[in-house]
Amino acid sequence: MPDSEQGYRLPPFIIKGSRDVGVLFVHGFTGSPASVAPWARAVAAAGYTVSVIRLPGHGDDWRAMNVNSWRDWYREVDRGARELLEEVSDIALAGFSMGGALALRYAAIHPEHVKALLLLNPSVYDPRPVLKLTSITRFFMRTLPPSGSDIAKPHPPIHGYRETPVNALHSLRKLWRDLSKHFQDVTAPTLLFRSVQDHVVPAASSELVLKSILSTTKCEVLLENSYHVAALDYDAPLLESKSIEFLREFARVGS
1 MPDSEQGYRL
11 PPFIIKGSRD
21 VGVLFVHGFT
31 GSPASVAPWA
41 RAVAAAGYTV
51 SVIRLPGHGD
61 DWRAMNVNSW
71 RDWYREVDRG
81 ARELLEEVSD
91 IALAGFSMGG
101 ALALRYAAIH
111 PEHVKALLLL
121 NPSVYDPRPV
131 LKLTSITRFF
141 MRTLPPSGSD
151 IAKPHPPIHG
161 YRETPVNALH
171 SLRKLWRDLS
181 KHFQDVTAPT
191 LLFRSVQDHV
201 VPAASSELVL
211 KSILSTTKCE
221 VLLENSYHVA
231 ALDYDAPLLE
241 SKSIEFLREF
251 ARVGS
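If you're matching positions, the sequence shown starts at 1 in the UniProt record's numbering and goes up one per residue.
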């Protein structure tokens, strides 16, 4: 069954390729493997082993997110990385939105394993009051009002929950605070993709990443024609080709 038909219930998957380098893909907050699947499949077609994980509480029922914390999400990244390292010698991480924050944290704690980082509209900071108030609103609101998918293409596939669980959102803010202590431990070559029109994550989030990490190589590619979920949008071919180009330079198969 095609990824688009399974929608946000698409299960995690592994595609085996080279035993030299594997790429771990991490989706975002309220999302699912469907939001990064085409990106991952393109990298796999270039010869890499890829693993696309599904974070706890995601890809099923939004209520499940409210009983998980950012530490549960990070543990799944750590588990996925360990599993991938049983198949390959080194790994790269590709993180979308909140998945970018989780990937950065892993790269900071385990620099010996990470050859490269690919970040797509990473979510590490957001000054909006609605987020700052979650410490209070989580006690009387289970979810924020449903929102549409931030994709410029018409008729986008369903790739995640429409609801935004408030308790989980509060935990996301805790992840950001924790990550702020680790930025300077990130040294892996980093390629950051930023959508010029992103209605979910502010540009200041990507700016903070590029300013704070200590990677010698850190590059930004602007996506002019896509919204937040760029792996399913008009700029997907650019995202895929630039990712493969970067991986071939810093995490080359056969190196």
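We put the CB at the ideal spot given by N, CA and C, even for glycine.
Keep in mind the model is a prediction, meaning the values are calculated, not measured.
Going along the chain, which residues of its own chain have a beta-carbon closer than 6 Å to the beta-carbon of residue i, five neighbours each way excluded?
i, result
"A42", "E240"
"F183", "S212, I213"
"I14", "S51"
"S171", "S69, W70"
"V23", "V43, Y48, V50, A92, A94"
"L175", "W70, A101"
"W62", "Y161, E163, P165"
"M65", "G57, P165, A168"
Using a Cβ-Cβ cutoff of less than 7 Å, which residues in the same chain neighbour residue i once the five nearest sequence positions on both sides are dropped?
i, result
"A55", "For clarity, residue 55 is Leu in the given sequence; the question names Ala instead. Taken in chain order, the residues that qualify are H27, W73, E76."
"L102", "V26, W73, Y74, V77, G95"
The alpha helix (DSSP H) with residue i in it runs from where to where?
i, result
"L239", "236 to 250"
"A34", "Element bounds for A34: n/a, residue is neither H nor E."
"I109", "98 to 109"
For the candidate residues the options, whose alpha-carbon lies nearest to that of residue i?
i, options, result
"V166", "V196, A103, L144, M98", "L144"
"A108", "A81, V186, S226", "V186"
"L232", "L10, N225, I151", "I151"
"V209", "H228, P189, R19, Q197", "P189"
"Y125", "G80, Y161, S180", "S180"
"P154", "I53, I244, V229, V21", "V229"
"V21", "P127, E245, L84, A64", "L84"
"L238", "R79, P38, Y8, E249", "P38"
"V253", "A116, R177, R128, G59", "A116"
"E112", "T30, S18, A81", "A81"
"R128", "S32, I53, R173, A34", "R173"
"R19", "R142, E87, P11", "E87"
"R142", "S149, V67, G31, A34", "V67"
Going by DSSP, what residue range makes up the beta strand (DSSP E) through residue i?
i, result
"residue 263", "Residue 263 lies beyond the residue range present for the chain, which begins at 1 and ends at 255; the question has no answer from this structure."
"G22", "21 to 26"
"L117", "114 to 120"
"I15", "13 to 15"
Exposed or buried, which one is residue i when buried takes at least 16 other CB atoms within 10 Å?
i, result
"L191", "buried"
"S89", "exposed"
"R71", "exposed"
"K16", "exposed"
"H199", "exposed"
"E5", "Because the pLDDT at E5 is just 47, under 50, the model does not fix this residue reliably, and the point stays unresolved."
"A45", "exposed"
"V196", "exposed"
"R105", "buried"
"V36", "buried"
"V114", "buried"
"T216", "exposed"
"V201", "buried"
"P157", "buried"
"P11", "exposed"
Taking only beta-carbon positions, decide if residue i is within less than 7 Å of chain C.
i, result
"P154", "Absent from the structure is chain C; it holds one protein chain and no more."
Grab me the residues of residue i's own chain with a C-beta within less than 8 Å of its C-beta, minus the 5 sequence neighbours each way, in chain order.
i, result
"R194", "N121, A203, S206, E220, V221, L222, L223"
"N225", "A152, D233, Y234, D235"
"F246", "A116, L118, P189, L191, C219"
For the ligand SAH, any of its heavy atoms closer than 6 Å to the Cβ of residue i?
i, result
"L223", "This structure lacks the ligand SAH, and indeed carries no ligand of any kind."
Check: In chain order, which beta strand (DSSP E) runs of at least 3 residues are fully inside the segment 44 to 89?
Finding: 49 to 52
Note to self: Which runs of the alpha helix (DSSP H) at least 4 residues long sit entirely within the segment 155 to 205? Give them in chain order.
What the structure shows: 166 to 180
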